Amino acid sequence: MTEFQRPALSLPADGKRLLLHSCCAPCSGEVMEAITASGIDYAIFFYNPNIHPVKEYELRKQENIRFAEQHGIPFIDCDYDTDNWFSRARGMENEPERGIRCTMCFDMRFERTALYAHEHGYDTISSSLGISRWKNMAQINNCGVRAASRYDGLQYWDYNWRKGGGASRMVEISKREQFYQQEYCGCVYSLRDANRHRRETGRERIKIGLLYYGQDAETPQGD
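Count the sequence shown with this note's numbering and you get residues 4 to 226, in order.
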């Protein structure tokens, strides 16, 4: 079997430096390898105050750091300002996945990504969020475009990371690297709803920190 050759990528509109928002290692693995193989100058920006509880947050972050260091990619660890996230989520506690609470969450994370990019000389932002089949790609891209539009000279790269087998390679890389496998989107409300569904279907509650890829892994949900 011949080794897979990724097509060479280039940033839109003659972009030079990319700040890639990452939600977790499983979702960003294929994205990072594709960008690295294309010789694009980029750094990882980890800002995910939605992830709950802190144990889950640290697991996802440390896996992402491990993979970034393995590839020699700069990793920018942003604040875990959960109070700000909960304040913005107030009144949306019972909204469904992919609803207005998720739009708020994407907006919040992209706003911080765009601000950092503007202040540190990046002309392009993007995110690994859209590679997950659990996400609404149009919803994510709209939030990214909206955040980038706040600053002159900053653009959002809406590349479809799922195409060309990207979603399948995401799982392959996760198994190869034995990444930690999250079993819910990330926030306390998605954890609540996931456990509710498990109770209704006779399954045990989610146990944080136990499941890793390579152990009969399924497609990562990511956040």
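For each residue, glycine too, the CB sits at the ideal point set by N, CA and C. Note that the coordinates shown come from a computational prediction; the quantities given were computed from them, not determined experimentally.
Per-residue burial, residue i [other beta carbons within 10 Å of its own, 16 or more giving buried]
| i | result |
| --- | --- |
| D126 | buried |
| C26 | buried |
| K210 | exposed |
| N144 | buried |
| E59 | buried |
| A92 | buried |
| S90 | exposed |
| K64 | buried |
| K138 | buried |
| T5 | Any reading at T5 must be qualified, since the residue scores a pLDDT of 44, below 50, and its modelled position is unreliable; the value itself is stated next. Exposed is the call here. |
| T204 | exposed |
Residue nearest to residue i in terms of C-alpha spacing, selected from the options
| i | options | result |
| --- | --- | --- |
| L132 | A151, H121 and C108 | C108 |
| C188 | G169, G147, W160 and P99 | P99 |
| V174 | H121, P77, Q142 and A28 | A28 |
| D82 | N97, E61, E96 and Q73 | E61 |
| Y192 | H55, F78 and T39 | H55 |
| N53 | R69, T39, D84 and H74 | D84 |
| D80 | G42, R101 and R112 | R112 |
| G42 | N163, I68, A11 and E72 | A11 |
| A234 | H123, W164 and R179 | With the chain covering 4 to 226 only, the question about residue 234 has no answer from this structure. |
| R101 | E66, C190 and G75 | C190 |
Three-state secondary structure (DSSP) of residue i
| i | result |
| --- | --- |
| Y183 | strand |
| Y215 | strand |
| I1 | Outside the shown range of the chain, which is 4 to 226, sits residue 1, and nothing can be said about it. |
| R101 | coil |
| A220 | At A220 the pLDDT is 46, less than 50, meaning the model places this residue with poor confidence and gives no usable figure here. |
| E203 | helix |
| Q65 | helix |
| L194 | helix |
| R20 | strand |
| Q8 | coil |
| I209 | coil |
| Y60 | helix |
| I54 | coil |
| I43 | coil |
Closer than 6 Å: residue i CB and nearest the ligand NAD heavy atom
| i | result |
| --- | --- |
| G217 | In the structure on display, the ligand NAD does not appear, and there are no ligands present to speak of. |
Review point. Should the stretch 49 to 65 be regarded as contacting the stretch 148 to 157, the criterion being three or more beta carbon pairs within less than 8 Å?
Key: Short answer: they don't touch.
Check your understanding: Would the stretch 178 to 187 and the stretch 207 to 216 be scored as touching if the rule is three or more Cβ pairs under 8 Å?
Key -> Touching, per the Cβ criterion.
Exercise for review: Determine, using beta-carbon pairs with one atom in the stretch 111 to 127 and one in the stretch 14 to 32, whether at least three such pairs fall under 8 Å.
Suggested key: Contact holds: three or more Cβ-Cβ distances are below 8 Å.
Practice item. Pick out the complete beta strand (DSSP E) segments inside the stretch 73 to 120, 3 residues or longer, and give them in chain order. Key: Within the stretch 73 to 120, the runs of beta strand (DSSP E) at least 3 residues long that lie entirely inside it are, in chain order, 78 to 80.
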